[in-house]
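Just below is one structure, and these are the notes that go with it.
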Amino acid sequence: VEPAGGQLANGSFEDDINGWGGDHNSNYFVDATGSPIYNSDDIFEAYDGLYGLKVWGRFDGGEINEFSQVFVTDAGNDFNLTGYVFSHPDDPIDVENSAYLSIFFYDADGVELSTSLSELFTSATGLDMWHMLSASATSPAGTATAKVALNYSQVNNGNGSVYWDLINLQTSVDVHIAGCTDDTAIN
Numbered sequence: 112v113e114p115a116g117g118q119l120a121n122g123s124f125e126d127d128i129n130g131w132g133g134d135h136n137s138n139y140f141v142d143a144t145g146s147p148i149y150n151s152d153d154i155f156e157a158y159d160g161l162y163g164l165k166v167w168g169r170f171d172g173g174e175i176n177e178f179s180q181v182f183v184t185d186a187g188n189d190f191n192l193t194g195y196v197f198s199h200p201d202d203p204i205d206v207e208n209s210a211y212l213s214i215f216f217y218d219a220d221g222v223e224l225s226t227s228l229s230e231l232f233t234s235a236t237g238l239d240m241w242h243m244l245s246a247s248a249t250s251p252a253g254t255a256t257a258k259v260a261l262n263y264s265q266v267n268n269g270n271g272s273v274y275w276d277l278i279n280l281q282t283s284v285d286v287h288i289a290g291c292t293d294d295t296a297i298n
C-alpha cells in the first residue's frame with residue numbers, strides 16, 4: 112500500500128480537510144475512528160490512520176459535492192488517482208446517487224481540455240466495506256493545470272452518505288500545488 116497522499120496533501124484526512132478545496136458546501140465532516148455512524152449502533156473505522164472524510168448530498172440545488180486539489184503541470188504527464196470509499200447500510204447512498212474520482216486538465220485560460228473519471232460507487236457496488244476506485248490520465252497538449260477530485264453526486268435530493276480515505280496521487284513527474292510560490296516545494 113502506498114503512503115497516504117503521494118503527491119496530494121493530507122490524503123487520509125488526518126489534518127481535517129486542510130489541503131482540499133473544491134465546490135462543496137458544509138455537508139461533510141472528518142470523522143474519527145470510534146465515532147458512531149448516523150442512524151446506527153455501529154462505529155466508524157477509518158481505512159487508513161484515524162480519520163476519514165464523510166460526505167453527503169448538498170440539498171441546496173447543487174448536484175456535486177466536490178473536494179479537490181489543483182496542480183501546475185504540462186503536457187505528457189501521467190496521473191494515477193486512487194482512493195477508498197465506503198457507505199454504511201444504516202445510512203446507505205441512495206440508488207441514484209454515486210461517488211467517484213476525477214482528473215481534469217485545463218489550459219492557461221482555465222478551459223477544460225480533458226477529463227478522466229473512475230468507476231462509479233453506488234449502493235449496488237456493495238455496502239459495509241471499503242472499495243478502491245481509480246482514475247488515470249495523461250495530460251494533453253496545452254495543459255497548464257490539473258485538478259484531482261473526490262465527488263459525491265446527489266440526484267433528486269437522495270439520502271445517504273459515503274466516507275473517503277487513503278486518497279493517493281502518483282504522477283510521472285513532480286507536480287506543484289497551484290498558487291505555490293516556492294519553486295522547490297512539492298507535495
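For the sequence shown, our numbering begins at 112 and goes up steadily by one. C-beta atoms are modelled at their ideal positions from N, C-alpha and C, and glycine is treated no differently. What you are looking at is a predicted structure, and each value in this text was computed from that prediction instead of being measured.
Burial state of Thr193, where buried means 16 or more other Cβ atoms lie within 10 Å: buried
Please state if the CB of Ser245 and the CB of Leu277 are separated by a distance shorter than 8 Å. Against a cut-off of 8 Å, the Cβ pair of Ser245 and Leu277 comes out as no contact.
Nearest-angstrom Cα separation, counted from Phe232 out to Ser209: 5 Å
Pair within 8 Å by beta-carbon distance, Asn121 and Gly132: no
In the DSSP assignment, find the beta strand (DSSP E) that holds Tyr139 and state where it starts and stops. Tyr139 to Ala143
Could you pull out every residue in the same chain whose Cβ sits closer than 6 Å to the Cβ of Trp167, ignoring the five residues on either side in sequence? Asn138 and Ser272
Proximity to Gln281 [Cα-Cα], best of Asp126, Asn191 and Glu223: A check of alpha carbon separations from Gln281 across Asp126, Asn191 and Glu223 identifies Asn191 as the nearest.
Residue range of the beta strand (DSSP E) that Val196 falls in? Asp189 to Phe197 is the extent of the beta strand (DSSP E) around Val196.
Ordered list of beta strand (DSSP E) runs contained in the region 224 to 251, each at least 3 residues: 242 to 249
Enumerated in chain order, which unbroken segments of the beta strand (DSSP E) with a length of 3 residues or greater are wholly contained in the region 119 to 173? Whole beta strand (DSSP E) segments, 3+ residues: 139 to 143 and 162 to 167.
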